[in-house]
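Q: Before anything else, here's the structure in question.
Numbering (full-length UniProt numbering), first residue to last: 1 to 189.
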């Protein structure tokens, strides 16, 4: 019988909080069981194993980052949406590094995998950030890939402490977002 109060969702949430603290690479069922005050075998009533837990954390993270971007960009368009969405993404990566890493490490397990609609929602949130630029259809996928690469690259480099030059990192982020805005406006249909 599963422990009262533990569900797949609560185990996933606890796992997500744990990886944000210790890093995604350090996740173990034993550490999570200790955190929850249960024996490790008790977790297997809620998740099939560590891979299943990591996958569930990835799905959770994708939903959370989508919601963060949606909330930040709602009612905005063009540069305003780009700036708000970029900052929301950067904030999510900084505040939830383990979840973000889980989302990037996840692979689709099949056509019914909940990761698929979660990933599609993330792509839709990035597309919404770009919608106000009215890009030609043939340019949209390239713009989405550029935006994802820029946000991912900056976020992961910042997390790793790789920006060590004596210049404010916030200024660099603003400069990059402005540069992307100028480039996107140059592509407008």
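No residue lacks a Cβ here, since even glycine has one placed at the ideal position from N, Cα and C.
Please go through the UniProt domain "HTH tetR-type" (5-65) and give each complete alpha helix (DSSP H) segment of 4 or more residues, from N-terminal end onward.
A: Counting only runs of 4 or more, we get 8-22, 29-36, 40-43.
Q: Let me know the secondary structure DSSP gives residue 136 once reduced to three states.
A: Counting from one through the chain shown, the residue named residue 136 turns up at place 136. DSSP places residue 136 in coil when its eight states are reduced to three.
Q: Comparing alpha-carbon positions, which option in 131, 167, 168, 181 lies nearest residue 191?
A: The requested residue 191 is not part of the displayed model; the chain covers only 1 to 189.
Q: Which residues in the same chain as residue 124 place their Cβ atom closer than 8 Å to its Cβ, once the five residues preceding and following it in sequence are excluded?
A: To locate residue 124, count along the chain shown from 1; it is residue 124. Answer for residue 124: 66, listed in chain order.
Q: Could you tell me the boundaries of the alpha helix (DSSP H) in which residue 162 lies?
A: Mapped onto the chain shown, residue 162 falls at position 162. Counting along the chain, residue 162 falls outside any alpha helix (DSSP H), and DSSP gives it neither H nor E.
Q: In chain order, what residues of the same chain have a beta carbon less than 7 Å from the beta carbon of residue 46, not counting five sequence neighbours either side?
A: The sequence position of residue 46 within the chain shown is 46, counting from 1. Excluding positions up to five away in sequence, the list reads 2, 6, 7, 8, 11.
Q: Where do the ends of the alpha helix (DSSP H) carrying residue 76 lie?
A: Working through the chain shown from its first residue, we reach residue 76 at position 76. Premise fails: residue 76 is in no alpha helix (DSSP H) and is neither H nor E.
Q: Compute the beta-carbon to beta-carbon distance between residue 122 and residue 62, rounded to the nearest angstrom, for a pair I have assumed lies under 8 Å.
A: Position 122 of the chain shown, counted from the first residue, corresponds to residue 122. Position 62 of the chain shown, counted from the first residue, corresponds to residue 62. Yes, they are in contact, since the Cβ atoms of residue 122 and residue 62 sit about 5 Å apart, within 8 Å.
Q: Quick check on the DSSP output: the alpha helix (DSSP H) that includes residue 96 runs from which residue to which?
A: Residue 96 sits at position 96 when you count from the first residue of the chain shown. Premise fails: residue 96 is in no alpha helix (DSSP H) and is neither H nor E.
Q: So, helix, strand or coil for residue 85, using DSSP?
A: On the chain shown, residue 85 is found 85 positions in, with the first residue counted as 1. In this structure, residue 85 counts as helix in the three-state DSSP scheme.
Q: What's the gap between the Cα of residue 55 and the Cα of residue 156?
A: For the purposes of this step, residue 55 is taken as residue 55 along the chain shown, with counting starting at 1. For the purposes of this step, residue 156 is taken as residue 156 along the chain shown, with counting starting at 1. Their backbone Cα atoms lie some 20 Å apart in a straight line.
Q: Would DSSP call residue 71 helix, strand or coil?
A: Working through the chain shown from its first residue, we reach residue 71 at position 71. Residue 71 falls in the helix class under three-state DSSP.
Q: For residue 1, does the three-state DSSP call read helix, strand or coil?
A: Translated into the one-based positions of the chain shown, residue 1 becomes position 1. Caution is warranted here: a pLDDT of 40 is assigned to residue 1, below 50, making its placement in the model unreliable, and the coordinate value is therefore given only provisionally. Looking at residue 1 - three-state DSSP - the assignment turns out to be coil, as it is neither helix nor strand.
Q: Are residue 143 and residue 184 close, meaning C-beta to C-beta below 8 Å?
A: Locating residue 143 in the chain shown gives position 143, counting from the first residue. Locating residue 184 in the chain shown gives position 184, counting from the first residue. Cβ atoms of residue 143 and residue 184: closer than 8 Å.
Q: Is DSSP giving residue 113 helix, strand or coil here?
A: For this step, residue 113 is matched to residue 113 along the chain shown. Coil.
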